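To start, the structure under review is shown below, and the notes come after it.
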Amino acid sequence: MKIMFLSNSAWSSSGYGMQIKEVAPRLKEMGYEVAVTAFFGLQGGRIEYDGIPHFPAGFQPYGNDVIIPNAMEWGADIVIPLMDIWVLNPQIFQAVRMVPWCPIDHSPVPREVLMRMKSSFAALGFSQFAMQELANAGVAAQYIPHGVNTDIFHPMKPAEKKLIRAEYGLEEDAFIVGMVAANQDPSMPTRKGYERILPAITQLRYQGGYDKLYLYIHTHPGRDMGGVPLIDIINSFDAGKFVYLPRPGTFEKGGVSREELAKLYNAFDLYACPSRSEGFGVPILESAACGIPSIATKFASMSELCFSGWTIEPITDVMTPLLAFQVIPSISSIAERIAYAYDHRDEVKEKGKQSHLAAQDYSWDNVMETYWRPALSNIEARLHRSHSGLSQLPQLPQPPQPPQPPQPPQLMTPAPEE
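Start counting the sequence shown at 1; every next residue gets the next number (UniProt numbering).
This is how it looks when you write it as structure tokens:
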């Protein structure tokens, strides 16, 4: 079976890119032919990376103009979009056997997502929350979670952690709450919950007794990547003295390697995910694999990955532009969880060990054998019951043409065509 992914390139430092980097070569080792249409991370020409052909982005966002011709040219049996599918032209789902492996981060499943899911050849869900929401909407899906490379993301020795903190300019005896949260969404309230955790940290610092508490936010703090003015938000809470940010230029140069990211997790005492919602929440899993417990909003997939950590109570829900609901985490709940962890360091270390053990279920060896292999076998059997390959591009209805401006009266001699 020939499988084409529609997602980020395997060498990009995005969460999707890291998943493609792990999944694509493993599927090739399992005997499948694999290719990627990279709508982010590649322009101008096709290349091979780790033996996997990567087709470049086109002129339209998210590969809308290239995925059908790429699938046809390469002869893909199925296309797996690892992305938000509501941004894709619905006509693609009529032309290509789509098998979405996409985030479900609302309740209920938004109509624009559900419509595309129901038009798909098959569906994959990467959280139990997604599986339940899809089932509620009448969509049968197969569960394949994201994974973590446990050879890279693992606990380090105390002496190594000391050196890492020195390298990052973090105080050796500080209690570091860490976030790895892409600043790519301009909406307010913020998707990643910056404005929820900052007042919680500020409250604890100024009430006394938490003078060694610091927050490290691994993200680009400006608007350059499409996000919010994070430095302005930090300053609005007068939190600049106890908030760390990456060195300038970190994200302009493509972010950090997975090995460097694993070192950063090991510098934390507690990981925080006060998000409005997450499709999966790979950083929660990566930090757990490094032996760092988490606090995470009690919604969507975040509760599943919190393992032995602490969940943050939502204070209310909020309707998004997709006309479905996410939640707003409680500032007081965040502060309570952080204060408890700060005051119970031995328990934090024990929960870190438990989280590390729980994360092993998401190792790539386990994910590939337990979830990918049977799911693809089922899809392949269904293909054999129909017909294989993409032999002919169906005739699709043409989109409506924009209204033409009024034409001037015709002259005796027609004007030349431009």
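Glycine included, every Cβ here is placed at the ideal spot set by N, Cα and C. Bear in mind that the values here come from a model prediction, so they are computed numbers and not experimental data.
Sequence-distant residues of the same chain with beta carbon closer than 6 Å to residue i, five excluded per side
i: proline 283; result: Val180
i: tryptophan 310; result: Ile295, Arg337
i: methionine 1; result: Tyr32, Asp77, Glu380
i: glycine 178; result: Tyr216, Phe268, Tyr271
i: alanine 122; result: Val99, Ile379
i: phenylalanine 153; result: Ala262, Glu286, Ala289, Cys290
i: methionine 368; result: Arg26
Residues near residue i by beta carbon distance below 7 Å, same chain, minus five either side
i: glutamate 133; result: Ile104, Ser107, Pro108, Val109
i: isoleucine 176; result: Leu170, Tyr214, Tyr216, Ala267, Phe268, Asp269
i: isoleucine 312; result: Pro274, Ile295, Ala296, Thr297, Lys298, Pro329, Ser330, Ser333, Ile334, Arg337
i: tyrosine 342; result: Phe175, Tyr210, Leu213
i: tryptophan 364; result: Glu22, Arg26, Gly147, Asn149
i: tyrosine 62; result: Phe39, Met83, Val87, Leu88
i: glutamine 354; result: Phe307, Ser308
i: glutamine 43; result: Pro56, Ala57
i: proline 246; result: His218
i: glutamine 19; result: Leu82, His146
Residues near residue i in its chain [Cβ-Cβ closer than 8 Å; skip 5 each side]
i: tryptophan 11; result: Gly17, Lys21, Gly41, Tyr49
i: alanine 339; result: Leu204, Tyr210
i: arginine 345; result: Phe175, Asp269
i: proline 189; result: Glu195, Arg196, Arg276, Val318, Ile328
i: lysine 28; result: Val34, Gly51, Ile52
i: glutamate 172; result: Lys162, Arg165, Ala166
i: methionine 225; result: Ala182, Asn183, Gln184, Phe251
Nearest residue (CA-CA) to residue i, options the options
i: tyrosine 216; options: Val99, Ile78, Leu230; result: Leu230
i: threonine 297; options: Val79, Arg258, Gly193, Arg205; result: Gly193
i: glycine 249; options: Pro221, Glu73, Lys118; result: Pro221
i: glutamate 278; options: Thr37, Pro61, Gln128; result: Gln128
i: isoleucine 315; options: Ser308, Gly291, Pro274, Pro321; result: Pro274
i: asparagine 366; options: Ser9, Val148, Ile78, Gly31; result: Val148
i: phenylalanine 237; options: Ala359, Gln43, Ala200; result: Ala200
i: arginine 196; options: Ile233, Lys2, Asp185, Leu163; result: Ile233
i: glycine 31; options: Ala38, Thr37, Val23; result: Val23
i: arginine 223; options: Asp173, Tyr206, Phe251, Phe242; result: Phe251
i: phenylalanine 242; options: Gly208, Thr202, Val228; result: Thr202
i: glutamine 94; options: Trp86, Asn70, Ser120; result: Ser120
i: cysteine 290; options: Met117, Gly240, Lys351, Pro246; result: Lys351
i: lysine 157; options: Ile292, Arg97, Ile67; result: Ile292
i: leucine 305; options: Ala135, Ser287, Leu322; result: Ser287
i: alanine 182; options: Leu383, Ser13, Gln360, Glu259; result: Ser13
i: alanine 239; options: Gly58, Leu6, Lys118, Leu198; result: Leu198
i: glutamine 184; options: His218, Glu167, Ile164; result: His218
i: glutamate 260; options: Leu323, Glu160, Phe280; result: Glu160
i: alanine 137; options: Ile164, Arg247, Ala324; result: Ala324
i: residue 507; options: Arg258, Asn235, Lys253, Gln142; result: No answer is possible for residue 507: the residues shown for the chain start at 1 and end at 418.
i: methionine 302; options: His54, Ala130, Gly227; result: Ala130
First through last residue of the beta strand (DSSP E) which encompasses residue i
i: alanine 54; result: The amino acid occupying residue 54 in the given sequence is histidine; alanine does not appear at that position. Residues 52-55.
i: valine 79; result: 78-81
i: isoleucine 47; result: 47-49
i: alanine 272; result: 270-273
Three-state secondary structure assigned by DSSP to residue i
i: valine 243; result: strand
i: glycine 125; result: strand
i: glutamine 91; result: coil
i: lysine 118; result: helix
i: threonine 150; result: coil
i: methionine 4; result: strand
i: threonine 250; result: coil
i: alanine 38; result: strand
i: methionine 156; result: coil
i: serine 277; result: coil
i: glutamine 43; result: coil
i: glutamine 142; result: strand
i: glutamine 132; result: helix
Residue i - containing alpha helix (DSSP H), residue span
i: residue 439; result: Since the displayed the chain opens at 1 and closes at 418, residue 439 lies outside it and no answer follows.
i: threonine 73; result: A quick correction: the sequence has glutamate, not threonine, at residue 73. Segment 67-74, the alpha helix (DSSP H) holding glutamate 73.
i: tyrosine 265; result: 258-267
i: tryptophan 364; result: 364-367
i: leucine 383; result: 373-385
Where are the alpha helix (DSSP H) runs, 4 residues long or more, that stay fully inside the segment 286-336, in chain order?
302-305
Where in the segment 162-233 do unbroken runs of the alpha helix (DSSP H), each at least 4 residues long, occur, reported from the N-terminal end onward?
194-207
What are the start and end residues of each continuous alpha helix (DSSP H) run of 4 or more residues lying completely inside the segment 7-33, in chain order?
15-29
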